[in-house]
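Okay, structure first, notes after.
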Amino acid sequence: MYGQHPLADTRRIVHAMLTDQVAHFAPRLYIKLTGQTGRGASQESAQQIADYFRHCFDEYFQVLGIEPGQICSYLAGKRILEYGPGDVPGVALLMIAHGASSVVCVDRFPMVSISGLNAEVLGHLMEGLDGEAKARAASCFLKQGDPASGLCEQRIRYLVKPGGLSGLSNAADLIVSRAVLEHVNDLHATFADMRSALCETGVAIHQVDLKSHGLHRSNPLDFLTWPEHWWSWMYGHKGMPNRWRVNRYREALQENSLRTLLLKPTALAEQRDIEDVRPYLAEPFRAVSDSDLSWLGFWLVCDKTTQAQGE
Numbered sequence: 002m003y004g005q006h007p008l009a010d011t012r013r014i015v016h017a018m019l020t021d022q023v024a025h026f027a028p029r030l031y032i033k034l035t036g037q038t039g040r041g042a043s044q045e046s047a048q049q050i051a052d053y054f055r056h057c058f059d060e061y062f063q064v065l066g067i068e069p070g071q072i073c074s075y076l077a078g079k080r081i082l083e084y085g086p087g088d089v090p091g092v093a094l095l096m097i098a099h100g101a102s103s104v105v106c107v108d109r110f111p112m113v114s115i116s117g118l119n120a121e122v123l124g125h126l127m128e129g130l131d132g133e134a135k136a137r138a139a140s141c142f143l144k145q146g147d148p149a150s151g152l153c154e155q156r157i158r159y160l161v162k163p164g165g166l167s168g169l170s171n172a173a174d175l176i177v178s179r180a181v182l183e184h185v186n187d188l189h190a191t192f193a194d195m196r197s198a199l200c201e202t203g204v205a206i207h208q209v210d211l212k213s214h215g216l217h218r219s220n221p222l223d224f225l226t227w228p229e230h231w232w233s234w235m236y237g238h239k240g241m242p243n244r245w246r247v248n249r250y251r252e253a254l255q256e257n258s259l260r261t262l263l264l265k266p267t268a269l270a271e272q273r274d275i276e277d278v279r280p281y282l283a284e285p286f287r288a289v290s291d292s293d294l295s296w297l298g299f300w301l302v303c304d305k306t307t308q309a310q311g312e
């Protein structure tokens, strides 16, 4: 818990604040030094990364209730917006391969790099396709079928924007993200951007990871004990977890007139961990119910509505 080990807290504060300044003033250098990919820190082969993207793609449609044989007809002609694609537009490639007309990928950091291992990943994804799907995937590059030639913007457009906001209006039939929303600086602004980008019949699906991303000590919730000012100074420019719990997401949905179609936890904290951390929680989390504190991740599916509806 914050405050129980002052010397360790001080060392962590100094180190984190210094590295946060690197992320603020030299984001490309920070990405290079930390090796961030958007998929965690483990070493992976090109095949493993390709399999990860296939899993992500398949899971979106499992959660949406769309059978494998219906994915192509569902995606046909659709415009996709993906928040936080990481360093490889693997999901975007699979969306195009299965019928989407275009994908816009938006991020707050310049992470995408189509060279070396990442080009090999995209090659593996294409090798797993046949016929029309393979031809569509090949059309995503400036030189047909050659990832190293760069992205064809008519198919996949990559944007780096302040706050990771797309700035689009009525431009997306489907919006997706995986382990992204928990990193955004301004949750309300992100949901407002999402609503603006969605067309009237559009749907958004997000997997959100509310865990500490390695920033807790002994209790999986003890990263919620750091005062807000310290957390902001230590991690405000690194894309680290914003720490908001599921109640804040419900509020953002309602404030932006987005209708909740599905809100389902993917992992829950132990009651003992909640009870142990409760007396030490930072001010923003003290009024959060035990039930909402227990959510360590969730799936969210939502769409536009003229009047937000409750759970």
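The sequence shown: position 45 = 46 (this note's numbering), numbered continuously. Even for Gly, the Cβ is constructed at its ideal location relative to N, Cα and C.
Requested in this report: Could you spell out the range, first to last residue, of the alpha helix (DSSP H) harbouring residue 53?
Outcome: 47-65
Query - 7 Å CB neighbourhood of residue 311 in its chain, flanking five on each side removed - result: Note that residue 311 has pLDDT 44, beneath the 50 cutoff, so the model's placement of it is unreliable and no number is given.
Query - Cβ-Cβ distance between residue 126 and residue 51 below 7 Å - result: yes
Query raised in the report: How about residue 243 and residue 293: do their beta carbons lie closer than 7 Å?
Result: no
Requested in this report: Could you spell out where the beta strand (DSSP E) holding residue 174 opens and where it closes?
Outcome: 173-179
Requested in this report: Whole angstroms is fine: what's the gap from residue 132's alpha carbon to residue 218's?
Outcome: 50 Å
**Report entry** Which listed residue (135, 46 and 167) has its alpha carbon closest to that of residue 104
**Finding:** 167
**Report entry** Three-state secondary structure assigned by DSSP to residue 310
**Finding:** Residue placement at residue 310 cannot be trusted, given a pLDDT of 44 that sits under 50; what the coordinates show is reported in the next sentence. Three-state DSSP puts residue 310 in coil, outside helix and strand.
Query raised in the report: Starting from residue 291 and walking both ways along the alpha helix (DSSP H), at which residues does that stretch end?
Result: 291-294
Requested in this report: Tell me, to the nearest whole angstrom, how far the beta carbon of residue 115 is from that of residue 149; I am working on the premise that it is less than 8 Å.
Outcome: 6 Å
Requested in this report: Measure the Cβ-Cβ separation of residue 266 and residue 296 and say whether it is below 7 Å.
Outcome: yes
Requested in this report: Could you please give me the residues that DSSP links to residue 32 through a beta bridge?
Outcome: In the DSSP output, where bridge partners are listed per residue, residue 32 has none listed.
Requested in this report: Taking only runs that begin and end inside the region 196-240, name each unbroken beta strand (DSSP E) of 3 or more residues, in chain order.
Outcome: 199-210
Requested in this report: Have a look at residue 179 and residue 117 and give me their C-alpha separation to the nearest angstrom.
Outcome: 24 Å
Requested in this report: Following the continuous beta strand (DSSP E) through residue 106, name the residue where it begins and the one where it ends.
Outcome: 103-108
Query raised in the report: Got a sec, what are the start and stop residues for the alpha helix (DSSP H) residue 157 sits in?
Result: Per DSSP, residue 157 belongs to no alpha helix (DSSP H); it is in the beta strand (DSSP E), 157-161.
Query raised in the report: Which stretch, first to last residue, makes up the beta strand (DSSP E) that contains residue 147?
Result: 147-152
Requested in this report: To the nearest angstrom, report how far apart residue 269 and residue 161 are at their CA atoms.
Outcome: 33 Å
**Report entry** Residues near residue 300 by beta carbon distance below 7 Å, same chain, minus five either side
**Finding:** 64, 208, 263, 265 and 267
Query raised in the report: Taking the alpha-carbon positions, what's the residue 112 to residue 241 distance?
Result: 15 Å
Report task. Tell me whether residue 1 sits in a helix, a strand or coil according to DSSP, three-state version. Result -> Beyond the ends of the chain as shown, which are 2 and 312, falls residue 1; an answer cannot be given.
**Report entry** Boundaries of the beta strand (DSSP E) in which residue 81 is found, first to last residue
**Finding:** 80-84
Query raised in the report: Given 8 Å as the limit, is there contact between the region 80-97 and the region 131-146, that is, 3 or more CB pairs closer than that?
Result: yes
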